[in-house]
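The opening residue of the sequence shown carries number 3 in my numbering; numbering runs sequentially from there.
For every residue, glycine included, the Cβ atom is placed at its ideal position computed from N, Cα and C.
Scroll down for the structure; my scribbles are underneath it.
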Amino acid sequence: QVFTFNTVEIKVQPSVKVRNGAALSVICHADISKSADFQLEYNFTIFKDRKPVFVAVSDTGDARYEIPVAKSSDTGDYECTVRADKKTKSSAPVLVWVTGMTKPILTADKRDALEGETVELRCELPEEEPPLRFCFRKIKTNSTPKETCVSEPYRNFSVLEISVEEGDHILQFDCFGSRNVKLQWENSVHSNKTLVTVREPFIKPTLIPMPSSNVTEGDQIQFECSTAVVKMEGIEIILQKNRTILNSVQNKRHLKYSTVATLEHSGEYLCKVEQGGASKTTKVNVVVSELFPKPTLIASMTKLDENKELTLNCSINGFRRANFSIIRKNPTGDIPLRNSKTLAMRVNVNDTGSYTCKAEVKGIVKESKPVRINVYAPVSKPTLSVAGGLPEVVLGKPLQLICHSVMGTPPKIFTFYKGNEVKKIITNDTYATFLDENIRLNDKRGYKCDARNNHSSGMRTSDVLNVTVIVPVRDASLGSVPYGEVEDGSETAFLCSVKEGSWPIHFQFFKRTDRDVLMHEEREHADRALWHKKTMKKQDAGTYYCMASNRANVDVRSHPITISVILAAWKKGVIAAFVLLIIAGAGALALWWYLRKKKKAKGPSMEMSGSALAANLTNEKLTRQPSDGDYYSGSGYIEDSENHMKSTDESKGPDLESAEVEYTEVEVSALDPHR
């Protein structure tokens, strides 16, 4: 009994897309091949969105899932799985779309409401499944509905509170639901309409200015604001002008506010009545006419020297009957100077400041625009200095100058000169700085500055500042006399020189070791320095170099030189004489030993003839045994004999010169080549 699944598929009747409320059939069909005609038991499982919704057992290859009344919640992906005798096969998913949604149900918690209250609405889709979206609509007469939507991922209803606003008289509400199917929104039909009647908790307030909305400065003006309310509890009346609250009352129907009118009181006034969430407003515009214009303060001078006389005069154009006062402004508070329209005084520097005058008519006080008075003390003679302290600068480096004037009223104008050329003009209180970035060797080095302010005495000029330009040290070199080799104990002179550099120059002589050792240093008003080392010793041999620097603080190092210390000539002579003396002594000792030995050998045979002696000597040479270890060639023998004879003759003393010498001819036989 062999079988196999060919295909498993889902079929939907009447269509994969049906209207809400229609009948729907989902059929699972299995196509199987068998080796023979035998009975099989099939287990069918139908899934919707991967959740099982139908299970059946059949001996045929079909299973049918019936939905008599399709709802939008039946929309989804359907697939089925068939299992038979341990074999399983699944179909491909099929989207079934039930179009249309049921009509939602809308209810309200009240049928009538006061302005400022809220109405709670509930919209429900009992036959639909979440996630859903509910949209509530507030419909006013002759206006576009206002729509508010709420998403509900876990329930099939939604609740929303809607405020009742001023002007809402008869309101209608409805709602509709929507769902998302394959990234497409599907909306239900609109629900039933719910009617809510709106009542006013209070009437629109009335705002009355008295005596009228047009008054003159100095007049008394009063505002009255009132309303009618249904219930007094929670009522509040507020009077405002330009967002500023002037007065307010609570749990009352009336509000009053009065003041003396000024030009600042012109503008729009607002009366607002609030209760709960309800609010009503009334506006009125008030115009205040000017009683008199602002006074004008006139100064005889606004800039003057100290100890000069200043006159201030306060007046009102076309108006004379007023109370005047002249005031000096101060951050900590105004300082009254005189209750008069005119003030004359002799000023000093401390009188610098702003002055105004005030005029009063019928309780209305007006103030003039401030007038700035500047009193100047003359500047003191400025001092010019270098920022670093000393009046010098390194060639190629910038030079910063400071011009300072201690006395004098600011602001001050400082002018810097290089020679007679103006380089910079600066305005500051007590000092100014100038940076000369182009310092050259042939520049004019005389600087000066002047300072002035608005005092009539004019400018003051500093003394001329002469600045020294320091040329950095360049190209140091080191030499010595003698150069290279120096005799032990002799004197050596080291010369360190530079090509250029401002004096004085600091020279340092170093010997190079593991840690360089400073041997000598000196400060010279010259471009070179000489160091005499009186006595050179063996340990003074080595490598030397020098360093040079000046006030430019740039150290320049020379190339190193090597000094070798050798023996002095007289020491060499002593050593040579000593060696010769040793050699002479050794020679004398050897001669003495030779003569002594020869004398002993002659002893009994002194009377032998010269021929016998010669023969014996010859035979001794020729018959020397090999065991002696020496071997001489013929030529070597002759040479040796001659040398021996010469040394013998030379070694004879005066006693031997008179002795007779016998000569004998000797025949020398040929040598045996084997010996």
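- At the C-beta level, PHE178 and THR196 stay beyond 9 angstroms of one another.
- Distance between ALA65 and ALA110, taken at the CA atoms: about 47 angstroms.
- Residues LEU26, LYS50, ILE69, VAL98 and VAL100 of the same chain have their beta carbon placed closer than 8 angstroms to that of ASP76, with the five preceding and five following residues left out of the count.
- As DSSP reads the structure, GLU308 sits in no beta bridge.
- Closest in alpha carbon position to CYS125, among ILE565, VAL10, SER302 and ARG139, is ARG139.
- Pairing LYS53 with VAL191, the inter-Cα distance amounts to about 29 angstroms.
- Sequence-distant partners of MET549 (beyond 5 residues in either direction) whose C-beta falls short of 6 angstroms from its own C-beta, in its chain, are GLN510, ASP557 and ARG559.
- Across the set VAL351, TRP533 and ALA301, the C-alpha of VAL351 shows the shortest separation from the C-alpha of TYR378.
- Counting C-beta atoms within 10 angstroms of its own C-beta, ASP431 has fewer than 16 neighbours from the protein chains shown and is therefore classed as exposed.
- When DSSP states are grouped into helix, strand and coil, ARG598 belongs to the helix group.
- For ASN455, the CB contacts under 6 angstroms within the same chain, skipping 5 residues up- and downstream, are TYR378, VAL381, GLY410, THR411 and LYS414 in chain order.
- Taking all protein chains in view, the Cβ of SER459 is surrounded by fewer than 16 other Cβ atoms within 10 Å, so the residue is classified as exposed.
- Distance between LYS88 and LYS13, taken at the CA atoms: about 24 angstroms.
- For the pair LEU265 and LYS282, the Cα-to-Cα distance works out to about 28 angstroms.
- Beta-bridge analysis with DSSP links GLN41 to no other residue.
- Burial check for ASN158: the Cβ neighbour count within 10 Å reaches 16 or more, so the residue is buried.
- In this structure VAL262 is in contact with GLY365, their Cβ atoms being roughly 6 angstroms apart against a cut-off of 8 angstroms.
- Here ASN8 is exposed, its C-beta having fewer than 16 other C-beta atoms within 10 Å.
- Taking every protein chain shown into account, the CB of ASN555 has fewer than 16 other CB atoms within 10 angstroms, so this residue is exposed.
- Taking C-beta separations shorter than 6 angstroms and ignoring five residues to either side along the sequence, the partners of GLU202 in its chain run GLU117, following chain order.
- Bridge partners of GLU188 according to DSSP: ARG181.
- LEU345: member of the beta strand (DSSP E) spanning 344-348, first to last residue.
- Across the structure, CYS405 and ASN468 are spaced so that their CA atoms are roughly 14 angstroms apart.
- DSSP places PHE136 inside the beta strand (DSSP E), whose first and last residues are 134-142.
- In the structure shown, the three-state DSSP call for GLU266 is helix.
- Within the same chain, ASP452 and ARG454 come within 6 angstroms of MET461 by CB-CB distance, once the 5 residues on both sides are set aside.
- Within the DSSP bridge table, the entry for SER75 names no partner.
- By the Cβ-count criterion, ALA324 is buried, with 16 or more other Cβ atoms from all chains shown falling within 10 Å of its own Cβ.
- With a contact defined as Cβ atoms closer than 8 angstroms, CYS82 and SER93 qualify at about 5 angstroms.
- Measuring C-alpha to C-alpha distances from TYR44 to each of VAL483, ASP33 and LYS258 identifies ASP33 as the nearest.
- Counting other Cβ atoms within 10 Å of its Cβ, ASP170 reaches 16 or more and is therefore classed as buried.
- With a 10 Å radius around the Cβ and a threshold of 16 neighbouring Cβ atoms, MET347 comes out exposed.
- Contact annotation: the stretch 470-490 touches the stretch 499-509, with at least three C-beta pairs closer than 8 angstroms.
- As a beta-bridge residue in DSSP terms, GLU122 pairs with GLU163.
- Nearest C-alpha to LEU520 among ASN309, GLU238, PHE436 and TYR547: TYR547.
- Residue burial is scored here from C-beta neighbours: MET234 has fewer than 16 other C-beta atoms within 10 angstroms and is therefore classed as exposed.
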